[in-house]
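S.K.:
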Amino acid sequence: MLRMEPFAYRPARTYEEALAIWSSAEAPMYVAGGTDLLPNLKHGIVHPRTLVSLAEIPGGITEDGDTLVIGAATKLHAIATNATVRALLPPLARAAGLVAGPQIRAMGTIGGNVLLDTRCLYYNQSAFWRGALGHCLKADGTWCHVIGGPKTCVAAQSSDSVPVLLALDASLRLLGPEGSRTLAIRDLYRFNGMDHLTLQKGELLTAIVVKKPAPGFRGSYQKLRTRDSIDYPQIGVAIAGTFDGAVPSALEIVIGAANPQPKPVRGLEAFLGAPLDDAAASAIADLVHKQTRPQAAVHGDPAWRRQMASVYTRRGLLALAAG
Ligand SMILES: Cc1cc2nc3c(=O)[nH]c(=O)nc-3n(C[C@H](O)[C@H](O)[C@H](O)COP(=O)(O)OP(=O)(O)OC[C@H]3O[C@@H](n4cnc5c(N)ncnc54)[C@H](O)[C@@H]3O)c2cc1C
Ligand code: SF4
Numbered sequence: 000m001l002r003m004e005p006f007a008y009r010p011a012r013t014y015e016e017a018l019a020i021w022s023s024a025e026a027p028m029y030v031a032g033g034t035d036l037l038p039n040l041k042h043g044i045v046h047p048r049t050l051v052s053l054a055e056i057p058g059g060i061t062e063d064g065d066t067l068v069i070g071a072a073t074k075l076h077a078i079a080t081n082a083t084v085r086a087l088l089p090p091l092a093r094a095a096g097l098v099a100g101p102q103i104r105a106m107g108t109i110g111g112n113v114l115l116d117t118r119c120l121y122y123n124q125s126a127f128w129r130g131a132l133g134h135c136l137k138a139d140g141t142w143c144h145v146i147g148g149p150k151t152c153v154a155a156q157s158s159d160s161v162p163v164l165l166a167l168d169a170s171l172r173l174l175g176p177e178g179s180r181t182l183a184i185r186d187l188y189r190f191n192g193m194d195h196l197t198l199q200k201g202e203l204l205t206a207i208v209v210k211k212p213a214p215g216f217r218g219s220y221q222k223l224r225t226r227d228s229i230d231y232p233q234i235g236v237a238i239a240g241t242f243d244g245a246v247p248s249a250l251e252i253v254i255g256a257a258n259p260q261p262k263p264v265r266g267l268e269a270f271l272g273a274p275l276d277d278a279a280a281s282a283i284a285d286l287v288h289k290q291t292r293p294q295a296a297v298h299g300d301p302a303w304r305r306q307m308a309s310v311y312t313r314r315g316l317l318a319l320a321a322g
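By numbering that gives the first Met the number 0, the letter at position 3 of the sequence shown is numbered 2, and the numbering carries on one by one without gaps.
1. From the DSSP output, in three-state form, read off Lys211 for me.
2. Is any heavy atom in ligand 2 found nearer than 6 Å to the beta carbon of Tyr121?
3. Run the proximity test for Ala256: is its beta-carbon closer than 6 Å to any non-hydrogen atom belonging to ligand 2?
4. Do you know how far the Cα of Val145 is from the Cα of Trp128?
5. Please state the DSSP three-state secondary structure of Leu40.
6. Go ahead and label Phe270 buried or exposed: buried means 16 or more other beta carbons lie within 10 angstroms of its beta carbon, across all protein chains shown.
7. Measuring from the CB of Met0, is there a heavy atom of ligand 1 at a distance below 6 Å?
8. Three-state secondary structure (DSSP) at Ala321?
9. Report the start-end ranges of each alpha helix (DSSP H) in the segment 269-313 that is 4 residues or longer and not cut off at the edges.
10. Is there contact between the segment 50-65 and the segment 10-19, where contact requires at least three CB pairs shorter than 8 Å?
11. On the DSSP letters alone, give me the boundaries of the alpha helix (DSSP H) that Tyr29 sits inside.
12. Flag this pair as touching only if the segment 138-156 and the segment 241-248 have three or more C-beta atom pairs under 8 Å; answer yes or no.
13. How long is the line joining the alpha carbons of Ala31 and Phe6, rounded to whole angstroms?
14. With respect to 6 Å, is the separation between the Cβ of Asp194 and the closest non-hydrogen atom of ligand 1 below this value?
15. Does the distance from the CB of Ser324 to the CB of Val208 come in under 7 Å?
16. With distances taken between CB atoms, is the gap from Leu40 to Met0 smaller than 7 Å?
17. When the distance is taken between beta carbons, is Gly255 closer than 7 Å to Gly235?
18. Taking Cβ positions, are Ile60 and Asn81 nearer each other than 7 Å?
19. Taking the CB atoms as reference points, tell me whether Ala95 and Ser160 lie closer together than 7 Å.
20. Name, in chain order, the residues that DSSP records as bridge partners for Glu251.
21. Thinking C-beta only, is Leu203 closer than 7 Å to Leu174?
Here you go:
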């Protein structure tokens, strides 16, 4: 049996109260649905003395002018099944609906999904398992077993919603000890699996804001995983664009689960204003192949995952071009 170390449990009813509790608590961490954090506690990966619970803070999805505001506490199941999200932002509903399985989507929040810790085959293991290998850079050790060196951690950002939210150019409402601010989700992640979030200490995510898409919007999310019933992504491909027939006037592709940072694909401007036919889709798929370098931190041969990123890109583009 995996036992957790003792901690104080401090529930909050508002984000302001959560921040106040965090500011005066011993070794605090926030917990929302707990579907990521509690396994990490059982594995002895993190050692908070206080859990500040956000579970009583209501989530919700509201329309505000030309934006959709999604409370950080909104459950993934609610996003996957919400009529407005499904109508306006189908790839986001799809990504939320592909996270894990039904029980976890009923507990897990979109805030926890955006702030999910990076994942690695050598890290998401029990303390006993990790100790047998001498631990690793990200937790209690000095060596990365993936890279085979002492300097870099390449544990993967493995959230399904994140590539879609980047492709949709979402922004984040944050509340922290220094006050509140808005941050583009593109600026949230850095290429460092040990410290992949640019959040300040104690900062809370309170909401995610997504612009309502322009007429002609089309988007998709495809996920590679071993077991469709539960697994994390081995690669995620989000595509968002504005189309007139088969001709895109805007196009974004973001690759997830390859590295500590989701990867927006560069060079797509060259494909705007002309029909996205077979040749164009194949050329973009080649671009994705060149720019995607999955690390062996998650299951699956990296060369195969790289190839699948380009296969999913081609399939996704042709499906969107066909309307
Ligand atoms: C078996 C299994 C399979 C899974 N499969 C997938 C999958 O396929 N795809 C996927 O994306 N995820 C997967 N997950 C991970 C997880 O369930 C989801 O990412 C979920 O959305 C996490 O949300 P949560 O509310 O449970 O987060 P928690 O576990 O409560 O928190 C996660 C992290 O975010 C922080 N946090 C949470 N909310 C806030 C906030 N508002 N402000 C500041 N910090 C906050 C916490 O401190 C913690 O560090 C899986 C988990 C399990 C156990
Ligand atoms: S990538 Fe390396 S340092 Fe990072 S968690 Fe995995 S083994 Fe540890």
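Don't be surprised by glycine CBs; every beta carbon is placed ideally from N, CA and C.
M.R.: Quick answer:
1. In the sequence shown, counting from the first residue as 1, residue 211 sits at position 212. When DSSP states are grouped into helix, strand and coil, Lys211 belongs to the coil group.
2. Translated into the one-based positions of the sequence shown, residue 121 becomes position 122. Annotation for Tyr121 indicates a beta carbon within 6 Å of some heavy atom of ligand 2.
3. Locating residue 256 in the sequence shown gives position 257, counting from the first residue. Result no, Cβ not under 6 Å from ligand 2.
4. In the sequence shown, counting from the first residue as 1, residue 128 sits at position 129. In the sequence shown, counting from the first residue as 1, residue 145 sits at position 146. Taking the straight line from one Cα to the other gives about 16 Å.
5. For the purposes of this step, residue 40 is identified with residue 41 of the sequence shown, where counting begins at 1. The three-state reading of DSSP puts Leu40 in helix, counting H, G and I together.
6. Within the sequence shown, numbered from 1, the residue matching residue 270 stands at position 271. With 16 or more other Cβ atoms within 10 Å, it is buried.
7. For the purposes of this step, residue 0 is taken as residue 1 along the sequence shown, with counting starting at 1. Not under cutoff, so the answer is no.
8. For the purposes of this step, residue 321 is taken as residue 322 along the sequence shown, with counting starting at 1. Reduced to three states, the DSSP call for Ala321 is coil.
9. Listed in chain order, the complete alpha helix (DSSP H) runs (minimum 4 residues) inside the segment 269-313 are 277-290.
10. Touching, yes.
11. Start at 1 with the first residue of the sequence shown, and residue 29 comes out as number 30. That residue, Tyr29, is in no alpha helix (DSSP H); its beta strand (DSSP E) goes Pro27 to Val30.
12. Flag = no, the segment 138-156 and the segment 241-248 do not touch.
13. The residue given as residue 31 occupies position 32 in the sequence shown. The residue given as residue 6 occupies position 7 in the sequence shown. It is roughly 16 Å from the alpha-carbon of Ala31 to the alpha-carbon of Phe6.
14. Translated into the one-based positions of the sequence shown, residue 194 becomes position 195. No; taking the cut-off as 6 Å, the Cβ of Asp194 has no heavy atom of ligand 1 nearer than that.
15. What is shown of the chain runs 0 to 322, which leaves residue 324 out entirely.
16. Numbered from 1 along the sequence shown, position 41 holds the residue referred to as residue 40. Numbered from 1 along the sequence shown, position 1 holds the residue referred to as residue 0. No, the Cβ-Cβ distance between Leu40 and Met0 is not below 7 Å.
17. Locating residue 235 in the sequence shown gives position 236, counting from the first residue. Locating residue 255 in the sequence shown gives position 256, counting from the first residue. Yes, the Cβ-Cβ distance between Gly235 and Gly255 is below 7 Å.
18. Counting from 1 along the sequence shown, the entry for residue 60 is found at position 61. Counting from 1 along the sequence shown, the entry for residue 81 is found at position 82. Yes, the Cβ-Cβ distance between Ile60 and Asn81 is below 7 Å.
19. Sequence index remark: in the sequence shown, residue 95 carries index 96 (1-based). Sequence index remark: in the sequence shown, residue 160 carries index 161 (1-based). Yes, these two residues count as a Cβ contact at 7 Å.
20. Walking along the sequence shown from the start, residue 251 turns up at place 252. Here Glu251 is bridged, per DSSP, to Ala239.
21. Sequence index remark: in the sequence shown, residue 174 carries index 175 (1-based). Sequence index remark: in the sequence shown, residue 203 carries index 204 (1-based). By the CB criterion at 7 Å, Leu174 and Leu203 fall inside the cutoff.
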